[in-house]
Amino acid sequence: MEEGIPFHLTVKASLFSLLGSFFFCLDVALDVWTIVSLYKEQEYVYMGLLIALLLLSSILVQVFSWIWYKEKNIETSTDKFAEKYNLIGPLHFLQLGVFLRCASLVELSIRKLLKFDIFQEAVAVHLKHDLSMLRLFETFSESIPQIVLMIIIIMQEQELQLFTGFKVAVSFLMLALTVMSYHRHMREFVPEDKKMNWLSSGAFFLWNLFLITPRVVAVALFASVLPCFIAVHFLCLWLLLVLCVWRQKTDFMENAAGEWLYRATVGLIWYFSWFNVSGKNTRIKRILYHVLMGADTALLLVLWFWRTSVESACRNPLPINPYVLLVALPVLYIIGLLLNLLYYWKFHPKREETPRLRSASVGLLDTDSAAETPQTGVHKRMKNMVNNFW
Numbered sequence: 015m016e017e018g019i020p021f022h023l024t025v026k027a028s029l030f031s032l033l034g035s036f037f038f039c040l041d042v043a044l045d046v047w048t049i050v051s052l053y054k055e056q057e058y059v060y061m062g063l064l065i066a067l068l069l070l071s072s073i074l075v076q077v078f079s080w081i082w083y084k085e086k087n088i089e090t091s092t093d094k095f096a097e098k099y100n101l102i103g104p105l106h107f108l109q110l111g112v113f114l115r116c117a118s119l120v121e122l123s124i125r126k127l128l129k130f131d132i133f134q135e136a137v138a139v140h141l142k143h144d145l146s147m148l149r150l151f152e153t154f155s156e157s158i159p160q161i162v163l164m165i166i167i168i169m170q171e172q173e174l175q176l177f178t179g180f181k182v183a184v185s186f187l188m189l190a191l192t193v194m195s196y197h198r199h200m201r202e203f204v205p206e207d208k209k210m211n212w213l214s215s216g217a218f219f220l221w222n223l224f225l226i227t228p229r230v231v232a233v234a235l236f237a238s239v240l241p242c243f244i245a246v247h248f249l250c251l252w253l254l255l256v257l258c259v260w261r262q263k264t265d266f267m268e269n270a271a272g273e274w275l276y277r278a279t280v281g282l283i284w285y286f287s288w289f290n291v292s293g294k295n296t297r298i299k300r301i302l303y304h305v306l307m308g309a310d311t312a313l314l315l316v317l318w319f320w321r322t323s324v325e326s327a328c329r330n331p332l333p334i335n336p337y338v339l340l341v342a343l344p345v346l347y348i349i350g351l352l353l354n355l356l357y358y359w360k361f362h363p364k365r366e367e368t369p370r371l372r373s374a375s376v377g378l379l380d381t382d383s384a385a386e387t388p389q390t391g392v393h394k395r396m397k398n399m400v401n402n403f404w
C-alpha cells in the first residue's frame, strides 16, 4: 500500500457503511425468521428449498471472500487479529467470512467518526470494493431466487397475503438499491463533478427496478406452472451466457479456477440483469443483451399465460388477474428500457470526459495509460471494474 495518503472517508460515508452492515445483519435475521415461519406452517419442501438456496449462495460468497483473503491484503486490526490466530479459514468454513469483512469496515468507520487514527484511503476503498462485489453476488445468487420462490408460493397456493406481498415488494426495492449502491461505489473513481446526484441515482434505481422486476416475475410465473421446464431453461441459457462471458476474455481473478467461478457467477447475474464485464463495444453488447432478454421474458410470460388458461377450468382463480400481469410486465420492461436510454444519454459519464481517474489514492493505473506493471489482487479487480464501468 502507498504511504502518506490520507483516509478521506467522510462522516456521511462512514454512517452509510455502518448502516449497510446493519442491513446485512438484518437480512440474515429475516432469513432465519422466514425459515422458522415455513417450518411452523409445515411447508417442509419450500423450507428445504429456501435453506438450499441460502446455503449455496453463502458458499459461493464465502469462496470468493476466502480467495481474496489469500492475497494477504491484511490491513485492519480485525483482519490482523484473525490472521494471527488462524481464524480466517475457519470463519469462512462457518460461513462467517463476510461478517469479518463487515467488522473490518465498521472498525475503519468508527475510527474515522471518533477521529481515533488516520488510515490510508486505499484501505477503505479496497474493503468497500470487495464487500460491494460480494453483496452484488449475494443479491443475484440468494435474494432473487428467494423472490422467485415467494412468488411461486403465492401463485401455487393461490392466495396473496398482505405481509407476503409487502415482503416481495420490499425485496425488489432492496435488489435495485443494492445494484445502485454498487454503481455509486464505482462512481467514486470519477471526478467530483461526475459523481451521482439524486436525479441520476433516481433514474438508475428506477430503470434497474423496472427491468429486473418483469424478468424475475416472468421466471417465477413460468416456474409456478412448469417447474421442470424452468430448470432446463435456466441451465441452457446460463451455459450460453457463461460461454458469452468467456468470449469476453475476462481477467478478473488470479487463477483459471477462480476466473471460471467468476464467469459462472456473471452468467447467473446475466440471467436476470445486465452486468458489464468488458470495456469494449459496451453499447452494442448492452442492446443485444436487452433484445435477447426481452424476447426470452416475453416467451416465458406467454407460455405461462397459455398454461394458466388451459388449467383455469380445474383451478381456483389466481390471486392476481393474469391479463393484468400480461400487460403490466411488458409495459414496465419498456419503461425500464426508456429510462435506461435516458440515463446513459444524460447522466452516465463518458470516457472522454474523465481522462484521469482518482487512481493515485487506490493504487490503480490511469485508464488512458498502458499497464506498465502487472496488477494483481484487489488492484487488478478494481482496475478491471473501473475499465468496465463505461
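The sequence shown runs 15 to 404 under my numbering.
The beta carbon of each residue, even a glycine, is placed where N, CA and C say it ideally should be.
In the DSSP assignment, Glu55 falls outside any alpha helix (DSSP H), carrying neither H nor E. Around Pro336, the same chain offers Phe319, Thr322 as residues with beta carbons nearer than 7 Å, after the five sequence neighbours per side are excluded.
The beta carbon of Leu343 sits closer than 7 Å to those of Pro228, Val231, Ala232, Leu315, all from its chain and outside the five residues before and after it, given in chain order.
As for any alpha helix (DSSP H) of minimum length 4 sitting wholly inside the stretch 68-117, the runs are 91-98, 102-107, ordered along the chain. Close CB contacts of Gln109 within its chain, under the 7 Å cut and outside five residues either way in sequence, are with Ser72, Gln76 (chain order). Assigned with DSSP and collapsed to three states, His362 falls in coil, not helix or strand. In the three-state reduction of the DSSP assignment, Trp260 falls in the helix class.
Just measuring C-alpha positions, the residue of Gly111, Phe243, Ser215, Phe78 sitting nearest Ala271 is Phe78. Taking all protein chains in view, the Cβ of Gln160 is crowded by 16 or more other Cβ atoms within 10 Å, so the residue is classified as buried.
For Lys299, the enclosing alpha helix (DSSP H) has its first and last residue at 296-325. Remark: C-beta atoms of Arg149 and Thr192 approach each other more closely than 8 Å.
If you check the CB distance, Leu122 and Leu105 do not come in under 8 Å.
In the structure shown, the three-state DSSP call for Met267 is coil. For Ser185, the CB contacts under 8 Å within the same chain, skipping 5 residues up- and downstream, are Ser157, Gln160, Ile161, Met164 in chain order. Burial state of Cys116 is buried, judged by a 10 Å Cβ sphere holding 16 or more other Cβ atoms. With fewer than three CB-CB distances shorter than 8 Å, the stretch 210-219 does not count as touching the stretch 232-247. With fewer than 16 other Cβ atoms inside 10 Å of its own Cβ, Ile124 counts as exposed. A Cβ-Cβ separation of about 5 Å places Phe219 in contact with Met194 under the 8 Å criterion. Taking the Cα positions, Ser238 is about 43 Å away from Glu85. Across the structure, Ile226 and Tyr83 are spaced so that their CA atoms are roughly 32 Å apart. Proximity of the stretch 288-299 to the stretch 259-278 meets the contact definition, three or more beta-carbon pairs being nearer than 8 Å. Around the beta carbon of Gly62, a 10 Å sphere encloses fewer than 16 other beta carbons of the protein chains shown; the residue is thus reported as exposed. Rounded to the nearest angstrom, the gap between the Cα atoms of Lys397 and Pro363 is 17 Å.
Taking C-alpha positions only, Ile348 is separated from Ile298 by approximately 18 Å.
Sequence-distant partners of Thr296 (beyond 5 residues in either direction) whose C-beta falls short of 6 Å from its own C-beta, in its chain, are Asn290. In this structure Phe286 is buried. Its beta-carbon is surrounded by 16 or more other beta-carbon atoms within 10 angstroms. Judged by DSSP secondary structure, Trp221 falls within the alpha helix (DSSP H) whose first and last residues are 212-239. A check of alpha carbon separations from Val139 across Thr153, Leu275, Glu273, Ser118 identifies Ser118 as the nearest. Between the alpha carbons of His247 and Leu254 lies a distance of about 11 Å. The alpha carbon of Asp45 has as its nearest neighbour, out of Leu351, Lys54, Glu171, Ile65, the alpha carbon of Ile65.
One Cα belongs to Leu306, the other to Leu145, and the distance between them is close to 30 Å. If you check the CB distance, Ile166 and Thr178 do not come in under 8 Å. Contact between Phe154 and Leu282 holds: CB atoms are separated by about 6 Å, below the 8 Å threshold.
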